[in-house]
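*Asks:* Residue numbers (this note's numbering): 11 to 109. C-beta atoms are modelled at their ideal positions from N, C-alpha and C, and glycine is treated no differently. Have a look at the structure that comes next, please.
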Amino acid sequence: MNGKTIRLGGYPVPLETDAKGHSTLFFIVPYPGACIHVPPPPPNQLVLVRYPKGLKLDDIYTPLWVEGTLKIEKVSNDLADAAYAMDASKVRVVVESDL
11 MNGKTIRLGG YPVPLETDAK GHSTLFFIVP YPGACIHVPP PPPNQLVLVR YPKGLKLDDI
71 YTPLWVEGTL KIEKVSNDLA DAAYAMDASK VRVVVESDL
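Structural data, given as structure tokens:
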């Protein structure tokens with residue numbers, strides 16, 4: 011999967027924002043609220059997403075689709091460690107018709 015373009019679903023955990031308050035760096039996690047009030051999932055279930063365009067996150071409990079290039083990359087952060095990173099080209103909210 012290293013270097014492949016994929017679409018991944020999950021929940022955001024914001025890490026960095028731009029001057030407009032849009033999230034440019036965040037984890038995608040398998041369940042809402044992971045890493046915030048509970049121990050984080052294992053590194054193989056976390057993906058660090060880099061999205062320079064930024065995303066206005068109204069609710070971290072709303073699932074997202076993230077499309078981009080997946081990389082095997084060990085990432086350490088104060089909140090958690092991830093085994094993967096993604097340079098996202100597109101991020102959007104999951105809607106009912108997607109399911």
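Who are the Cβ neighbours of Arg17 in its own chain at under 8 Å, not counting the five residues just before and after it?
*Replies:* Trp75, Val76 and Glu77
*Asks:* Just how far apart, CA to CA, sit Ser33 and Val23?
*Replies:* Those two C-alpha atoms are separated by around 9 Å.
*Asks:* Classify Val57 as buried or exposed, calling it buried when 16 or more other Cβ atoms lie within 10 Å of its own Cβ.
*Replies:* buried
*Asks:* Let's test the definition: count the other Cβ atoms within 10 Å of the Cβ of Tyr61 and tell me whether it reaches 16, buried, or not, exposed.
*Replies:* buried
*Asks:* Measuring CA to CA, which of Tyr21, Asp108, Tyr94 and Ser99 is closest to Cys45?
*Replies:* Tyr21
*Asks:* At what residues does the beta strand (DSSP E) containing Ala29 begin and finish?
*Replies:* That residue, Ala29, is in no beta strand (DSSP E); it is neither H nor E in DSSP.
*Asks:* So Asp97 and Thr79 are in contact, right, with Cβ under 8 Å, and what is the actual spacing, rounded?
*Replies:* Asp97 to Thr79, Cβ: 5 Å. Contact.
*Asks:* Counting only the same chain and skipping the five closest in sequence on each side, list residues whose C-beta sits under 7 Å from that of Tyr41.
*Replies:* Tyr21
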